[in-house]
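A quick write-up on the structure given underneath.
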Amino acid sequence: MVERVELRILRLPYVHFFETSFGRSYDRTFILVRAFEGGESGWGECCAEEAPLYGPETTETAWHVLKAFLVPLVFRKGIVEPEDFAREARAFRGNEMAKAGLELALWDLKARKAGVPLSRLYGGIRDEVEVGVSCGIEDSLPELVARVGAFLEQGYRRIKIKIKPGWDVRACEAVRAAYPDIVLQVDANGAYGPEDAGTLVALDAFRLLLVEQPFPPYDLWEHARLQARMATPLCLDESILSIETARAAVEMGSCRIVNLKVGRVGGPAELRKIHDYCEAHGVPVWCGGMLESGVGRAHNLHLASLPDFKLPGDLSASRRYYQEDIIDPPVELSGPGRIRVPDGPGIGVHPVEERVRRATLRAETFRAPRA
Ligand code: OSB
Ligand code: MG
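Numbering (my numbering), first residue to last: 24 to 394.
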């Protein structure tokens, strides 16, 4: 039985601002969850952001839901198994990122207790995963091209650029002119509407691997209409919240590729269902990222070792995000466009307690009531 759960809100500054169609940010605020049992502990990261832009959750709503509902659920039911938690937590609607943060901690705990890497518990088939980099919107096209060039020099083999209305066709033109043969994809974070279909169809000219989330999350129908007009595969991110939405999107033809983020779908158990469904239907998936700290990124590496993760993930080295990651050693490329899945017990990386403390804005510990 889990004896104690510790929640912390941390803030880490980025090495370079990150701009999407939602706006520009300079640092990351997130929750770390740590679950203790019998002298062992497991870590999870809740990827909810400070503002409800990407999805409806925020750091504060996730904190509330964890504290008032999810942590008490674990204590009340005496839960140890992550799958039991996932099933019981379904009684609460939505709040996927809050649920995922705690479920991830339970998976890490389980794998550490068993003394095996988490990828082994998941049934992963790779010890190294293919990765790429997600490049934000810059102040000018030359700055974008220079940044893409720097990432290529660092060894990344797949580049994703963020787009928005007014920063799309010309951004693709500029990057393609400088680097005609790289693997390139774009992500709009839902910034377009049906009236922009002409601009989006024009992106077919740039031999993109995929176009990610052009329309808002709930608009599966317009994505299906656009996919029918486009040669480039559409990939959905924000729209895919569960196995049900994944099935609807694939069966409606709203996308041909799925971005899987464990936080967005509510945890590894739900991610597994979507993964298996996509694999059975010939839909490749890839591992999305939320600019996680080393804890969240290590979790993503273990998940990305599953068989249907056939395209490079948004998983970059620690130094692409943070001056000083909270884990040691930091995540690094193990070869061009590749990162090794950590092979120690659990997530296989070690948060440095002193760094965790320094980045902490708030911490609270919850204990199981005595029986
Ligand atoms: O849409 O994939 C996205 C970061 C925050 C919110 C949404 C997204 C992203 C990224 C970052 O693209 C990818 C990464 O973690 O490297
Ligand atoms: Mg995205």
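Glycine residues also receive a C-beta, built at the ideal position from the N, C-alpha and C atoms.
Taking all protein chains shown into account, residue 231 has 16 or more neighbouring C-beta atoms within 10 Å of its C-beta and is therefore buried.
C-alpha of residue 273 to C-alpha of residue 279: approximately 7 Å in a straight line. DSSP places residue 121 within a helical segment (H, G or I) once states are collapsed to three. Runs of the beta strand (DSSP E) lying entirely within the segment 29-108, each at least 3 residues long, are 46-60, 63-69 in chain order. Residues 160 of the same chain have their beta carbon placed closer than 8 Å to that of residue 190, with the five preceding and five following residues left out of the count. Counted as a single uninterrupted DSSP element, the beta strand (DSSP E) harbouring residue 183 occupies residues 181-185. Following the DSSP letters along the chain, one finds residue 258 in no alpha helix (DSSP H) but inside the beta strand (DSSP E) bounded by residues 257-259. With a threshold of 16 other beta carbon atoms within 10 Å, residue 129 meets it and is buried.
Beyond the five residues adjoining it in sequence on each side, residue 31 comes within less than 6 Å, by CB distance, of 55, 383, 386 in the same chain, given in chain order.
One Cα belongs to residue 350, the other to residue 247, and the distance between them is close to 41 Å. Taking non-hydrogen atoms of the ligand MG into account, the C-beta of residue 311 is found less than 7 Å away from one of them. Counted as a single uninterrupted DSSP element, the stretch harbouring residue 308 is not any alpha helix (DSSP H) but the beta strand (DSSP E) occupying residues 308-310. Assigned with DSSP and collapsed to three states, residue 195 falls in helix. Relative to the ligand OSB, residue 191 has its C-beta separated by 7 Å or more from all heavy atoms.
Cβ contact annotation for residue 365 (same chain, cutoff 8 Å, sequence separation greater than five): 140, 321, 324, 325, 371, 372, in chain order. The closest heavy atom of the ligand MG lies less than 7 Å from the beta carbon of residue 210. Residue 52 holds the alpha-carbon nearest to the alpha-carbon of residue 74 among 52, 89, 58, 172. Between the alpha carbons of residue 67 and residue 275 lies a gap of roughly 34 Å. For the segment 124-155, the full-length alpha helix (DSSP H) segments reaching 4 residues or more read 141-145 along the chain. Remark: the shortest separation between the CB of residue 118 and any heavy atom of the ligand MG does not fall under 7 Å. Contact annotation: the segment 297-317 touches the segment 339-357, with at least three C-beta pairs closer than 8 Å.
Closest by C-alpha distance to residue 175, out of 361, 378, 379, is 361. With respect to residue 57, residue 48 sits apart: the two C-beta atoms are not nearer than 8 Å. For residue 225, the enclosing alpha helix (DSSP H) starts and ends at 220-225. Between the C-alpha atoms of residue 253 and residue 97 there is a straight-line separation of about 46 Å. Between the alpha carbons of residue 152 and residue 208 lies a gap of roughly 18 Å. By the Cβ test, the segment 190-206 is in contact with the segment 154-171, since at least three Cβ pairs between them sit closer than 8 Å. Shown here for residue 270: same chain residues with a beta carbon closer than 8 Å to its own, the five before and five after excluded, namely 300 in chain order.
Annotation for residue 228: no alpha helix (DSSP H) segment contains it, and DSSP assigns it neither H nor E.
In the three-state scheme derived from DSSP, where H, G and I count as helix and E and B as strand, residue 301 is classed as helix. In the three-state DSSP reduction, residue 387 falls in the strand class (E or B). The Cβ atoms of residue 27 and residue 390 lie closer than 8 Å to each other.
Taking C-beta atoms under 8 Å as the contact rule, residue 236 and residue 212 qualify, at a distance of about 6 Å. For residue 236, the secondary structure class from DSSP, reduced to helix, strand or coil, is coil. A Cβ-Cβ separation of about 7 Å places residue 258 in contact with residue 234 under the 8 Å criterion. Scanning its chain for C-beta atoms nearer than 6 Å, with the 5 sequence neighbours on each side dropped, one finds around residue 355 the residues 340, in chain order.
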